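Worksheet for the structure shown next.
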Amino acid sequence: MAKAETKKTLQQFDEELKRQHISGQWLYEGLLTACIGGPKPRGEAFIWPWKTVHEKLLEACGVLEESFTARRSLLFNNPGLPTGGTTHTLLMGIQMIKPGEIAWAHRHTLAAIRFVVKGDGKVFTVVDGEKCPMEPNDLILTPQWTWHDHQNPTGESAVWVDVLDVPFLLGLNQPFYEPYPGNKVQAVREKSSDHMQHRTGWVRPSWEDTKERNIPLRYRWKDIEPQLRVLADSPGSLYDGVALEYVNPMTGGPTLATLSCWIQLLRPGERTKKHRHTSSAVYFVVGGNGTTIVNEKAMDWTKHDSFAVPNWAWHEHANRSKSEEAILFSVNDTPIVRAFHLYREEPEDSLHTLAPPQVPATER
Ligand code: 1HN
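In this note's numbering, the protein residues as written are 1 to 364.
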């Protein structure tokens, strides 16, 4: 009888294990059963209106007088993510650089993209010694561990969107950072023939080994916009409209190893079908007026607003105008999710699933 009394309860045993920093798998049961049907979206759907952001950027110009090695970038914190981030993997912000200002060179293992809002082409970013002029709606990559500084020699302030893989990198505890030694700005490659960007197009030097990763790239709006207009004539995706992925010309894959950039056109009155997927995304409104509904939350957006769509949340986009198109730039974490074969979508897979247009058959 005494023996029976000394028999440990499971609760006592769990507590004992806890003191040894051990836990039984049975304690994971609750966590696992909560995942039947998939994860809860991490973070909220949230919108940062341009009006507020722009006002705060102007104020920041007075308060943070010089950026030095820091950046005058206002970063968007998702109210549903106590540890920071715009989604659980992505950090988005808007940066302003004053006339005559230089944001000093540094590099980090965080991968970043810039999408230009305001700049006249004389404003530029230098990436690993290559000058990348910034014109409105250009996309410029600063792949992981590339030196980058930003310079505004003009009389007007310049503005762009920053998106980085910060929360993901921090989650894996992989951040490395290095300020550029000695100088504010990095040395630039003087000879155009030394630019890596001249090795990424239709031709490349036959005598060189090919560098495939972490190449500075500028996707000029001048080149992208006509492509978008041509493809606007195709049916597009039921779930995303005419959504084009920026292609990394060296890999044929997404923009960067962790980030995929999209440019998406919603035709007048277009409303996409509702879906959800295991990737998350941040959006910047290039133009137009629309509404994105995430679960039950409707976010009305207009030019230059930014918003976040968390993963595994049902969402749909609508262009509210019957006469004007709407254009959205977005960055998502599909390369991360797909790298580990974790991409799932409901009610059906829509990424890279449809057959491309067939070769026309001649009638005989
Ligand atoms: C960064 O290095 C830049 O270089 C912008 O312009 C935003 C946000 C978090 C961490 C590093 C830049 C950043 C950033």
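We treat Cβ as the ideally placed atom computed from N, Cα and C, and that holds for glycine. Keep in mind that this is a model prediction, so the values were computed, not measured.
Query raised in the report: Does the ligand 1HN have a heavy atom nearer than 7 Å to the CB of SER73?
Result: As a working note, residue 73 is residue 73 in the sequence shown. Yes.
**Report entry** For ALA105, the three-state DSSP class (helix, strand or coil)
**Finding:** Indexing the sequence shown from 1 puts residue 105 at position 105. Strand at ALA105.
Query - Burial state of TYR28 (16 or more Cβ within 10 Å) - result: The residue labelled residue 28 in the question sits at position 28 within the sequence shown. It counts as exposed.
**Report entry** Counterpart residues of PHE46 in DSSP-defined beta bridges
**Finding:** Within the sequence shown, residue 46 is the residue found at index 46, counting from 1. DSSP output for PHE46 lists ALA308 as bridge partner(s).
Report task. Mind reading off the beta-carbon distance from PRO167 to LEU256? Whole number of angstroms is fine, and I expect it under 8 Å. Result -> Taking the first residue of the sequence shown as 1, we reach residue 167 at position 167. Taking the first residue of the sequence shown as 1, we reach residue 256 at position 256. Going by Cβ atoms, the distance from PRO167 to LEU256 rounds to 15 Å, so no, they are not a contact pair.
Report task. Kindly indicate the opening and closing residues of the alpha helix (DSSP H) around ASP14. Result -> Along the sequence shown, one-based indexing puts residue 14 at 14. First-last of the alpha helix (DSSP H) with ASP14: 10 to 19.
Query raised in the report: By Cβ distance, which residues of its chain are closer than 6 Å to VAL230, with the 5 residues on each side in sequence left out?
Result: Along the sequence shown, one-based indexing puts residue 230 at 230. Answer for VAL230: no residue qualifies.
**Report entry** Rounded separation between GLN264 and ILE327 - CA only
**Finding:** Residue numbering aside, residue 264 sits at position 264 when the sequence shown is read from its first letter. Residue numbering aside, residue 327 sits at position 327 when the sequence shown is read from its first letter. Near 6 Å, if we compare the C-alpha coordinates of ILE327 and GLN264.
Query raised in the report: Are the beta-carbon atoms belonging to THR353 and HIS317 less than 8 Å from one another?
Result: The count along the sequence shown starts at 1 and reaches residue 353 at position 353. The count along the sequence shown starts at 1 and reaches residue 317 at position 317. Cβ distance not < 8 Å, so THR353 and HIS317 don't count as in contact.
Requested in this report: Report all residues from its chain with a CB closer than 8 Å to the CB of GLU156; omit the five preceding and five following residues, and keep chain order.
Outcome: The residue given as residue 156 occupies position 156 in the sequence shown. The residues are PRO99, LYS118, ASP120.
Requested in this report: Take every Cβ of the region 237 to 253, pair it with every Cβ of the region 332 to 352, and state whether three or more of those distances are shorter than 8 Å.
Outcome: The region 237 to 253 makes contact with the region 332 to 352, as at least three CB pairs between them are under 8 Å.
Report task. Can you say whether ARG432 is buried or exposed, counting buried as having 16 or more other CB atoms within 10 angstroms of its CB? Result -> The requested residue 432 is not part of the displayed model; the chain covers only 1 to 364.
Query raised in the report: So, are the CB atoms of VAL242 and ALA281 less than 8 Å apart?
Result: Locating residue 242 in the sequence shown gives position 242, counting from the first residue. Locating residue 281 in the sequence shown gives position 281, counting from the first residue. No; because the gap between Cβ atoms is not below 8 Å, this pair is not in contact.
Requested in this report: Closer than 6 Å by C-beta to PRO249: which residues in its own chain qualify, once you throw out the five before and the five after it? Chain order, please.
Outcome: In the sequence shown, the residue the question calls residue 249 occupies position 249. Within the same chain, PRO249 has close Cβ partners THR200.
Report task. Would you kindly check if the distance between the Cβ of LEU259 and the Cβ of ILE113 is under 8 Å? Result -> Position 113 of the sequence shown, counted from the first residue, corresponds to residue 113. Position 259 of the sequence shown, counted from the first residue, corresponds to residue 259. Yes, the pair counts as a contact, with Cβ atoms nearer than the cut-off.
Query raised in the report: Helix, strand or coil: which one does DSSP assign to ILE22?
Result: Locating residue 22 in the sequence shown gives position 22, where the first residue counts as 1. Here ILE22 sits in coil by DSSP.
Query - Cut-off 8 Å between Cβ atoms - residues of its own chain near TRP147, not counting five sequence neighbours on either side - result: To locate residue 147, count along the sequence shown from 1; it is residue 147. Once the five neighbours on either side are set aside, the close Cβ partners of TRP147 are ALA105, HIS106, ARG107, VAL126, VAL127, ASP128, GLY129, TYR180, GLN186.
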